[in-house]
Structures are given as structure tokens and as C-alpha cells.
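Note sheet for the following structure.
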Amino acid sequence: MKPTTVIGSAAFLGVMLAIGFGLVPFFYLADPHAFEDWFADYFVFFLPAVFITSVPAFVGSITLIRRSPKGSRERRKWLNTLLGLVSVYAITTAVHLPLNIAFWSRDLSDEAIVTTLGFWTAAHVLRIAGAGFAAYSAFRASQLHEGETV
Numbered sequence: 048m049k050p051t052t053v054i055g056s057a058a059f060l061g062v063m064l065a066i067g068f069g070l071v072p073f074f075y076l077a078d079p080h081a082f083e084d085w086f087a088d089y090f091v092f093f094l095p096a097v098f099i100t101s102v103p104a105f106v107g108s109i110t111l112i113r114r115s116p117k118g119s120r121e122r123r124k125w126l127n128t129l130l131g132l133v134s135v136y137a138i139t140t141a142v143h144l145p146l147n148i149a150f151w152s153r154d155l156s157d158e159a160i161v162t163t164l165g166f167w168t169a170a171h172v173l174r175i176a177g178a179g180f181a182a183y184s185a186f187r188a189s190q191l192h193e194g195e196t197v
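For the numbering used here, add 47 to where a residue sits in the sequence shown, where the first one is 1.
As C-alpha cells, then:
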């Protein structure tokens with residue numbers, strides 16, 4: 048379960064980085080309505096990568112929290128992994144989902160697209176940080192001996 052959780056967390060970070068470094072520059076360089084059209088037509092294809100990587104990380108971190116002794120460093124690291132993943136999903140639910148729906152509507156003015164994209168990008172930086180924290184915590188937890196305490 049440890050390798051699945053570490054690999055899932057790291058892969059999830061990779062997806063977040065690919066979106067951030069691969070797509071965000073395109074988003075800013077494209078004409079606002081060209082971006083909006085592309086986003087409405089194609090962004091949904093990134094969702095399988097998000098789920099294929101994050102679900103094993105979620106399941107693994109929850110399983111490993113339950114398997115590790117209470118009060119152990121290992122349990123705290125697996126909990127940190129889960130908290131990092133939850134933070135990404137919370138930001139996605141609170142910020143990105145409403146903004147994505149706005150982009151998918153194709154009803155925004157050029158100015159509104161640029162402003163909304165600025166909020167979207169700033170929140171995505173937080174998602175990268177949360178995914179990075181999860182991946183780092185999972186790696187660190189996997190390096191500890193079972194039940195190791197403070």
C-alpha cells in the first residue's frame with residue numbers, strides 16, 4: 048500500500064504541475080475567447096488523470112493512517128498526506144469548480160475571462176503546494192520504520 052500511496056501522490060503532483068506549467072502559459076498567450084473555447088471543449092479530458100492518480104493516494108493514505116499506531120510519526124505523515132490531498136480537493140471545489148463552470152458557459156467578456164483566469168491561476172498555485180505537501184509527506188512516511196514515535 049505504501050508504494051501505491053507514494054506513487055499516486057507523486058503522480059497527482061505531476062498532473063497539477065503539468066496543468067500549471069503546461070497549460071497556464073497557453074491560457075495567457077491565447078486570445079481570451081480562443082482560450083475559453085479550448086477550455087470548454089478539452090479541459091474535461093484532464094479529469095481522468097486527476098482521478099487515476101489521486102484516488103489511489105486517498106485510499107492509500109486513509110488505509111495507512113488506520114494501519115499505523117496512534118501517536119506514531121508514521122501516522123502523522125500519512126495524515127499529512129491526506130490533509131494535502133484534501134486541501135487540493137477543497138480548493139478545487141470552492142474555487143476551480145465555479146470558475147470552470149464560468150469558462151464552460153462561454154458567456155464571459157474578454158475582461159472577465161482574464162480576471163477569472165487570474166483567480167484560477169492563483170488558486171492553482173495553492174493546489175500545486177497541497178499536492179507537493181501530500182507527495183512529500185507520503186515519501187517521508189514511507190521511509191519511517193513501522194510504529195516509529197517522535
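Every residue, glycine too, gets a C-beta built ideally from N, C-alpha and C.
This structure is a prediction, so every number in the text was calculated from the model and none was measured.
- The three-state secondary structure of His192, taken from DSSP, is coil.
- Considering only Thr168, Asp157, Leu76, Gly118, the residue with the shortest C-alpha distance to Val142 is Thr168.
- Within the same chain, Leu60 come within 7 Å of Gly179 by CB-CB distance, once the 5 residues on both sides are set aside.
- Contact annotation: the segment 150-158 touches the segment 83-97, with at least three C-beta pairs closer than 8 Å.
- In this structure, DSSP gives Pro145 a helical state, which the three-state scheme calls helix.
- If you compare the alpha carbons of Val172, Pro145, Gly177, Ala176 with that of Thr163, the shortest gap goes to Pro145.
- Straight through space, the alpha carbons of Leu191 and Ile138 are spaced by roughly 30 Å.
- Ala77 sits in coil when the DSSP states are folded into three classes, being neither helix nor strand.
- Rounded to whole angstroms, the gap between the alpha carbons of Trp151 and Ala87 is 4 Å.
- Counting C-beta atoms within 10 angstroms of its own C-beta, Ile148 has fewer than 16 neighbours from the protein chains shown and is therefore classed as exposed.
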